[in-house]
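Keeping their order, the protein sequence lines are chains A and B.
Those letters in the first sequence? Residues 684 to 794, by the numbering used here.
Those letters in the second sequence? Residues 849 to 1198, by the numbering used here.
For every residue, glycine included, the Cβ atom is placed at its ideal position computed from N, Cα and C.
Quantities reported herein were computed from a predicted structural model and do not represent experimental measurements.
Data first, discussion second: the structure below is written as structure tokens.
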Amino acid sequence: MSKTYYDPADLRKFGNITEWSEELGKKFFEYYNSVFQEGALSAREKALIALSVSHVVKCPYCIDAYTKDGLQRGITKEEMMEAVHAGAAIESGATLVHAVQMMNKVNKLDV
Amino acid sequence: MLKSLKKRESELANSKRQLEILSNGIFQNGELPKFANKISESNQFPLKAKKLEILQINVGYMCNQVCSHCHVDAGPDRKEIMTRVTMQQCLDVIKKTGTHTLDLTGGAPEMNPDFRWFVEEASKIGVKDFIVRSNLTIIRANKKYYDLPEFFKKHNVHVISSMPHWTRGKTDKQRGEGVFDQSIKALLELNRIGYGMPNSELKLDLVYNPSGAFLPGDQSSMEKDFKKALLEDFDIQFHNLFAITNLPISRFLDYLIASDNYEDYMYSLVESYNSTAVANVMCTNTLSISWDGFLYDCDFNQMLNLPVNSKVKHISEYNQELLDNRNIVISQHCYGCTAGAGSSCQGSVA
């Protein structure tokens, strides 16, 4: 067993998940590849969304993959950082909006 | 300014050392397949030369820039320069073969003292596409080069220039401080006299090389982004963008090893291997001629000192029959031309 939870070399083995469940693995990768094709959103826009979400879900494999993908598309570091902030803002907003629940509870319980 | 690997006496200035690195390690222990084995899977080994269409002549390794990714290891300290005698031998071959494309490269080809003579003589022959690979900044480097755009126009030269990004930071990081601003000035000058304008016959194309250890993205998408940004920010226009993959040789190999990116980069190249691109790699219809007149399948093989697999080794003994259908000389660097949409001096090939 590896002494660390994450090994960068494991990213290259992602496709191996089909070995233990071929049908579901294949369906997933077909879906995944379709999602990132040009559509109503450009592939570039989707790449920035993916980079942002990679940070929100704190996936080191995804961060590596979509940072490299962004560089390959000519996306600038300023654009990348803004995308991460967009994700971070939603994530922190999601925490802070629960403060309303806290306030409601305080107002109900406190005289 | 950075010095060339040769000037620094780096071990990577030695082509044998580069080839050792490219054949050992992950290619020796079987982690990754050697290029010959990979193309054998699709019955494309040995790779054969087809009809000669492009003569690419490297008129010297001297350059006013020292780009971090340069596969030529070019720079101001490189003194290898093609003589007029060798140029005349090239002209004789162009006449004899009826090659449709003549592609002058370097270094900065304009720094060869016989460059203008060569262009004048070559343009008299009337090849269909006469390319000069100009780094742009040379046009602004010295007063004696200021008239180059007019000179190119006079001889209907097709200008192909490197531009790694539409932002100053990325460009200067790869090509040197101040290169972006000088390149913009040169592009404006070329546009002013008609180069790169819509419907203009004065062709101006740009070359995009990634500014680090990653592959180029989709060429047409990159072209759209480049066109939009250069037009909006600087009112600059050009015709086509060629996305070219950096090959793991010379200064780019040095960078990959120093930054601990070599193995990951080779994995990226091999994982992006596209057998369709193999059929159209440039070495099959191109002949590369070095400053001293020796023949190679491509400019990369020239830098790795891998001469053509033929009895004919030098332009002075040129013989088309002996070069036709020759086996192309390959090594692991060739993965750079077959990754993704493929890569050549004219951009994607698949």
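Would you say B:His1013 lies against chain A (beta-carbon separation less than 9 Å)? For B:His1013, the nearest CB of chain A lies under 9 Å from its own CB, placing it at the interface with that chain.
Any Cβ of chain B within less than 9 Å of the Cβ of A:Gly798? Any property of residue 798 of chain A remains undetermined from this structure, which presents chain A solely from 684 to 794.
For B:Thr953, report the span of its beta strand (DSSP E) as first-last. Segment Thr949 to Thr953, the beta strand (DSSP E) holding B:Thr953.
Kindly examine the ligand COA and report whether one of its heavy atoms sits closer than 8 Å to the Cβ of A:Gly753. Ligands are entirely absent from the displayed structure, and the ligand COA is therefore not among its contents.
So which residues on chain A does B:Met1070 lean against when the C-beta distance must stay under 7 Å? Proximity of chain A to B:Met1070 at the Cβ level (cut-off 7 Å) is accounted for by Gly757, in chain order.
Should B:Thr1124 be labelled buried (16 or more other beta-carbon atoms within 10 Å of its own) or exposed? In summary, B:Thr1124 is exposed, with fewer than 16 beta-carbon neighbours lying within 10 Å of its beta-carbon over all protein chains present.
Span separating the alpha-carbon of B:Val1027 from that of A:Thr759: Between the alpha carbons of B:Val1027 and A:Thr759 lies a gap of roughly 18 Å.
How many angstroms separate the CA atom of A:Glu772 from the CA atom of A:Val794? A small fix is needed here, since residue 772 of chain A is Ala in this sequence, not Glu. Roughly 34 Å between the two C-alpha positions.
Within 9 Å (strictly less), CB to CB, does B:Tyr1056 reach chain A? For B:Tyr1056, the answer is yes, since a Cβ of chain A falls inside 9 Å of its Cβ.
Any C-beta of chain B under 9 Å from that of A:Lys686: No, A:Lys686 does not count as interfacial toward chain B.
Does B:Gly974 pass the burial test, meaning 16 or more other C-beta atoms within 10 Å, or should it be called exposed? Exposed: under 16 other Cβ atoms inside 10 Å.
Would you say B:Pro881 lies against chain A (beta-carbon separation less than 9 Å)? Put simply, the CB of B:Pro881 is far from chain A, with every gap to its CB atoms at 9 Å or more.
Fully enclosed by the region 914-1000 of chain B, which beta strand (DSSP E) runs are 3 residues long or longer? Listed in chain order, they are 949-953 and 977-982.
By Cβ distance below 6 Å, which residues in the same chain neighbour B:Lys898 in space, the five residues on each side in sequence not counted? Counting only Cβ-Cβ distances below 6 Å, and skipping sequence neighbours, we find Thr1132 and Asn1133.
With distances taken from CA atoms, which of A:Tyr714, A:Lys729 and A:Tyr715 is nearest A:Glu721? When A:Tyr714, A:Lys729 and A:Tyr715 are compared, the shortest CA-CA separation from A:Glu721 is found for A:Lys729.
Give the range of the alpha helix (DSSP H) segment to which B:Phe1028 is assigned. Note, B:Phe1028: alpha helix (DSSP H), Val1027 to Arg1040.
Kindly provide the ranges of any alpha helix (DSSP H) runs that are 4 or more residues long and lie completely inside the region 1104-1157 of chain B, ordered along the chain. Secondary structure in the region 1104-1157 of chain B: the alpha helix (DSSP H) runs of 4 residues or longer, each lying completely within the stretch, are 1110-1119, 1123-1126 and 1147-1151 in chain order.
Are at least three pairs of beta-carbons, each pair with one atom in the region 901-909 of chain B and one in the region 947-961 of chain B, less than 8 Å apart? Touching, yes, given that three or more Cβ pairs across the two stretches are closer than 8 Å.
Show which residues of chain A have a CB atom less than 7 Å away from the CB atom of B:Leu1063. Under the 7 Å cutoff, chain A gives Gln755.
Please report the residue range of the alpha helix (DSSP H) in which B:Leu1089 lies. Note, B:Leu1089: premise wrong, no alpha helix (DSSP H); beta strand (DSSP E) at Leu1089 to Ala1091.
Might you give, ordered along the chain, the residues of its own chain that have their beta carbon closer than 6 Å to the beta carbon of B:Phe1086, omitting 5 neighbours on each side? The beta carbon of B:Phe1086 is closer than 6 Å to those of Gly1044, Leu1052 and Leu1054 in its chain, skipping five residues each way along the sequence.
How many Å lie between B:Pro894 and B:Ile1176 at the Cα? Distance between the alpha carbons of B:Pro894 and B:Ile1176 is about 7 Å.
Short of 8 Å in beta carbon distance, which residues of its chain neighbour B:Ser1121, apart from the five on each side in sequence? Order them along the chain. According to the sequence provided, residue 1121 of chain B is Tyr. The question's Ser does not apply to it. So the list reads Lys886, Tyr1183, Thr1186 and Ala1187, once near-sequence residues are dropped.
Helix or strand or just coil, what does DSSP make of B:Met910? Three-state result, B:Met910: strand.
What in chain A is Cβ-close to B:Asp1081, meaning under 9 Å? Those do not exist, as B:Asp1081 stays about 13 Å from chain A at its closest Cβ, beyond 9 Å.
If I follow the unbroken beta strand (DSSP E) through B:Ile1008, where does it start and stop? For B:Ile1008, the enclosing beta strand (DSSP E) stretches over residues His1006 to Ser1010.
Beta-carbon within less than 6 Å of B:Leu984's beta-carbon, same chain only, minus the 5 sequence neighbours each way: which residues are those? Around B:Leu984: Ser1009, Ser1031 and Ala1034.
Grab the span of the alpha helix (DSSP H) containing A:Leu731 for me, first residue to last. Note, A:Leu731: alpha helix (DSSP H), Ala726 to Val739.
Considering just the uninterrupted stretch of the alpha helix (DSSP H) at B:Leu867, what are its terminal residues? Residues Ser863 to Ser871.
Proximity test, Cβ basis, 9 Å: B:Phe1074 and chain A: At least one chain A Cβ lies under 9 Å of B:Phe1074.
Using a Cβ cut-off of 8 Å, pull out every chain A residue sitting near B:Gly1195, in sequence order please. Within chain A, no residue comes near B:Gly1195; the closest Cβ sits about 15 Å away, beyond 8 Å.
CB of A:Cys745 within 9 Å of CB of A:Ala726, strictly: No Cβ-Cβ contact shorter than 9 Å links A:Cys745 with A:Ala726.
8 Å Cβ cut-off: residues of chain A touching B:Gly1060: Under a criterion of Cβ atoms nearer than 8 Å, the residues of chain A adjacent to B:Gly1060 are, in order, Leu754.
Residue nearest to B:Gln1194 in terms of C-alpha spacing, selected from B:Tyr993, B:Asn1128, B:Ile1105 and B:Asn1157: Of the candidates B:Tyr993, B:Asn1128, B:Ile1105 and B:Asn1157, B:Asn1128 places its Cα closest to the Cα of B:Gln1194.
Let me check understanding here. Comparing Cα to Cα, which of B:Ala1091, B:Trp965, B:Glu1119 and B:Asn1004 lies closest to B:Ile1041? Considering only alpha carbons, the answer is B:Asn1004.
Counting along the chain, where does the alpha helix (DSSP H) carrying A:Asp752 start and finish? For A:Asp752, the uninterrupted alpha helix (DSSP H) run begins and ends at Pro743 to Gln755, by DSSP.
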